[in-house]
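Asks: Sharing a structure below in structure tokens format, with a few things to ask.
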Amino acid sequence: MNQTIDLMNAHRSIRKFTDREVNDRTLATIIAAAQCAATSHFVQAYTVIRVRDMDKRQTIASLAGPQAWVARAPVFLVFCADLNRLEAVCRIHDTAAEKGWAEQFVTATVDAALLAQNVLLAAESLGMGGVFIGGIRNDPQTVCDLLAIPDQAYPVFGMCLGWPAHDPPPKPRLPVEAVLFTDRYPAGHDQGLLEDYDRTTNHYFLNRDSNLKDETWSRQMADFMGRVIRPHMKAFLEKKGFFLK
Ligand SMILES: Cc1cc2nc3c(=O)[nH]c(=O)nc-3n(C[C@H](O)[C@H](O)[C@H](O)COP(=O)(O)O)c2cc1C
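Add 4 to a position in the sequence shown, counting from 1, and you land on the number used in the working numbering.
If you want it as structure tokens, here you go:
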């Protein structure tokens, strides 16, 4: 349709990278473009930390899984939802910032996510690739300790970036008819559509370039939804000053 939509349709997470460096100027260009994402109330409630220190990187790679690509990627970024800058501007104006509201948590987290998706897309537009790393939330306190992330900020996810050393096929998404509706929420979820999608994803899992398996999307999701994942997050977020009221 056009180059932007072609680029978006071609997305696939990249977990193997060549040794080619990503220079500071390229990274700054990517971040500046990504900052043009919409931001709730213009708050820009995010901070990005590039982790260059290899000891820190190794620790994060271990606690995230381990995930070897976290240690090996030319660039590893940690995206923080961050209310501290906003508190600082309140001090400039001698006003007190409200703290701990769930709405502030949502605002900052959404802002960080919009920024991050734009980062990945901008990188992909330059021929680079990458992958989000939610695995850092396995032990978010250690990530905060390593990177000196203060209260009123938390690491939402990381991201590996670099030049792709593999070319996996894109993962098929749900059909648009399964996610887009008009005027009201659907009365039910179309079983036929989901069965078709299972056939599509089964074909993908059996034929992709690595980690072949006889799997379907619905089976994966049934397994995922049946597990308690990162039960420490509520207490962690409260400790960081989020989500208190
Ligand atoms: C918030 C978030 C966290 C993720 N965390 C990880 C992760 O820790 N490790 C990983 O290898 N992939 C991670 N992914 C990548 C997803 O597994 C991937 O996007 C999904 O399977 C779809 O595949 P695709 O990106 O290749 O289309 C994450 C993606 C998102 C959006």
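We put the beta carbon where it would ideally sit given N, CA and C, even for glycine.
Would you mind reading off the limits of the alpha helix (DSSP H) that contains Pro159?
Replies: Run containing Pro159: none in the alpha helix (DSSP H); it sits in the beta strand (DSSP E), 157-166.
Asks: Sort Gly245, His170, Ile96, Asp213 by Cα distance to Val135 and report the nearest one.
Replies: The shortest C-alpha separation from Val135 is found at His170.
Asks: I want to know whether the segment 68-83 touches the segment 152-168 - three or more CB-CB distances under 8 Å.
Replies: The segment 68-83 is in contact with the segment 152-168.
Asks: Let's test the definition: count the other Cβ atoms within 10 Å of the Cβ of Gly230 and tell me whether it reaches 16, buried, or not, exposed.
Replies: By the 10 Å Cβ count, Gly230 comes out exposed.
Asks: Tell me where the beta strand (DSSP E) around Ile35 begins and ends.
Replies: Unbroken run through Ile35 is the alpha helix (DSSP H), 28-38; no beta strand (DSSP E).
Asks: Please report how far the alpha carbon of Ala68 lies from the alpha carbon of Ala239, in whole angstroms.
Replies: Answer to the nearest angstrom: the Cα atoms are 19 Å apart.
Asks: Would the segment 119-127 count as touching the segment 39-50 if we require 3 or more Cβ pairs under 8 Å?
Replies: Yes, they touch.
Asks: Should His170 be listed as close to ligand 1, given that the test is whether its C-beta is under 8 Å from any heavy atom?
Replies: No, the Cβ of His170 stays beyond 8 Å of every heavy atom of ligand 1.
Asks: CA-CA distance, Trp105 and Gln62?
Replies: If you take the alpha carbons of Trp105 and Gln62, they lie about 34 Å apart.
Asks: Using a Cβ-Cβ cut-off of 7 Å (strictly less than) and excluding sequence neighbours within five positions of Ala116, which residues of its own chain qualify?
Replies: For Ala116, where only same-chain residues beyond five positions count, the Cβ hits under 7 Å are Tyr50, Phe83, Cys84, Ala85, Val160.
Asks: Examine ligand 1 and report whether any of its heavy atoms sits within less than 8 Å of the Cβ of Ala253.
Replies: Any property of residue 253 remains undetermined from this structure, which presents the chain solely from 5 to 249.
Asks: Indicate whether Ala126 and Thr33 have their beta-carbon atoms separated by less than 9 Å.
Replies: Yes, these two residues count as a Cβ contact at 9 Å.
Asks: Between Gln71 and Ile137, which are expected to be in contact by the criterion C-beta below 8 Å, what is the C-beta distance as a whole number of angstroms?
Replies: Indeed they touch by this definition, with Cβ atoms about 7 Å apart.
Asks: Is the beta carbon of Gln2 sitting closer than 9 Å to the one on Lys103?
Replies: This structure gives no information on residue 2, because the portion of the chain shown stretches from 5 to 249.
Asks: Check for me: the beta strand (DSSP E) holding Ile53 runs from which residue to which?
Replies: From DSSP, the beta strand (DSSP E) with Ile53 extends over 50-54.
Asks: How long is the line joining the alpha carbons of Tyr158 and Asp28, rounded to whole angstroms?
Replies: Roughly 24 Å between the two C-alpha positions.
Asks: Grouping DSSP H, G and I as helix and E and B as strand, with all else coil, what is Leu124?
Replies: Looking at Leu124 - three-state DSSP - the assignment turns out to be helix.
Asks: Output yes or no for whether 9 Å exceeds the beta carbon distance between Pro174 and Arg16.
Replies: Yes. Within cutoff.
Asks: Residues bridged to Leu241 by DSSP?
Replies: Answer is none; Leu241 lacks a bridge partner.
Asks: Using the C-alpha atoms, what's the distance from Leu90 back to Val47?
Replies: Between Val47 and Leu90, the C-alpha separation is close to 7 Å.
Asks: Just to confirm before moving on: does the CB-CB distance between Phe246 and Gln145 stay below 9 Å?
Replies: It is not a contact, given that the beta carbons lie outside the stated cut-off.
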